[in-house]
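Convert by adding 10 to the 1-based position in the sequence shown; the result is the number in our numbering.
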Amino acid sequence: MSYHAFRRRIHVSYEIHTIDKNLRPVTLTGDVIALTDSISKTVIYNWKTDGRAYLDDGGGSHHNRCFEVIFTPSTILVVRKHCIKLYTRPRLLHRQTLTPTAAYSFGWVAFVSAPTPALYNPLSVLIRTNNQSDNFRPLIKLHSLASFPPILTSNISSPWSSPKRQ
C-alpha cells in the first residue's frame with residue numbers, strides 16, 4: 011500500500027505498509043483489508059493497528075478460490091468457488107484463528123456477485139453456475155442471506171450455452 015501526494019506537479023509516494031506477497035487483496039474497507047490465497051487461507055488485517063484474525067476455512071489442498079469477502083457490522087462472509095462461510099466479526103486485536111459459524115455450498119460456481127449490504131435490505135448473492143444436465147447452459151441464481159442457509163429467491167436459465175468441456 012502506498013500514499014500518493016501531488017504537490018506542484020511532483021509525484022511523491024510514501025509506503026504505508028508492506029503486505030505478505032503470497033496473499034492477494036480481496037476487499038478493502040477503511041483500515042481493514044481481507045487477504046486470501048487460492049486454496050483456503052483468509053486473513054482479516056487492520057493495517058493501521060497491525061491487528062489481524064485468521065479465518066480457518068477447514069484446510070484442504072484443493073483450490074477453492076475466494077471471489078469476495080463481505081463485511082457487515084457483526085459478521086464476515088467469505089464467498090469461495092465451492093462454498094460460502096459465515097464468521098463472527100472479531101475485534102482485530104490479537105492474532106486469533108476463527109472457525110466458521112455456518113457454511114453452505116452452491117456446487118461449482120463460475121461467477122459470483124454480492125453487493126455491499128444496505129441498512130434495511132438483507133445481503134444477497136448472485137451465483138452463476140454451469141448446469142451439466144442441460145448442455146452446460148449457465149444458471150443464474152439469486153440467494154437471500156437474511157437467514158442461513160441462504161434462501162433461493164430467483165432462478166434464471168441463460169439463453170446462451172457455454173461451450174462443452176472435453
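Every residue, glycine too, gets a C-beta built ideally from N, C-alpha and C.
Residue nearest to residue i in terms of C-alpha spacing, selected from the options
i: proline 160; options: Lys58, Leu96 and Ser48; result: Leu96
i: threonine 39; options: Pro83, Leu65 and Val89; result: Pro83
i: threonine 109; options: Leu87, Gly117, Lys91 and Glu78; result: Leu87
i: lysine 58; options: Val42, Asp67, Thr46 and Gly117; result: Val42
i: isoleucine 54; options: Gly68, Phe158, Val79 and His153; result: Val79
i: serine 123; options: His153, Ser157 and Ser50; result: His153
i: valine 119; options: Ser157, Pro100 and His73; result: His73
i: glycine 117; options: Pro100, His92, Leu45 and Ile137; result: His92
i: serine 50; options: Ala44, Gly68 and Asp60; result: Gly68
i: proline 100; options: Leu133, Leu155 and Ala44; result: Ala44
Beta-carbon spacing of residue i, residue j below 7 Å
i: leucine 149; j: threonine 139; result: yes
i: arginine 75; j: serine 48; result: yes
i: arginine 62; j: arginine 105; result: yes
i: asparagine 165; j: lysine 151; result: yes
i: threonine 98; j: threonine 111; result: yes
i: threonine 85; j: leucine 65; result: no
i: leucine 102; j: asparagine 32; result: no
Beta-carbon separation (whole angstroms), residue i vs residue j, contact threshold 8 Å
i: isoleucine 94; j: valine 36; result: That belief does not hold up - the Cβ atoms of isoleucine 94 and valine 36 are roughly 14 Å apart, past 8 Å.
i: phenylalanine 77; j: valine 89; result: 5 Å
beta-carbon residue i near the ligand NAD non-hydrogen atom, thresh 6 Å
i: glutamine 106; result: In the structure shown, the ligand NAD is absent, as is every other ligand, since no ligand is present at all.
If you scan the segment 47–128 from start to end, which runs of the beta strand (DSSP E) of 3 or more residues do you find wholly inside it? Taken in chain order, the complete beta strand (DSSP E) segments of 3 or more residues contained in the segment 47–128 are 51–56, 61–66, 76–81, 85–90, 94–98, 106–108, 112–114 and 119–123.
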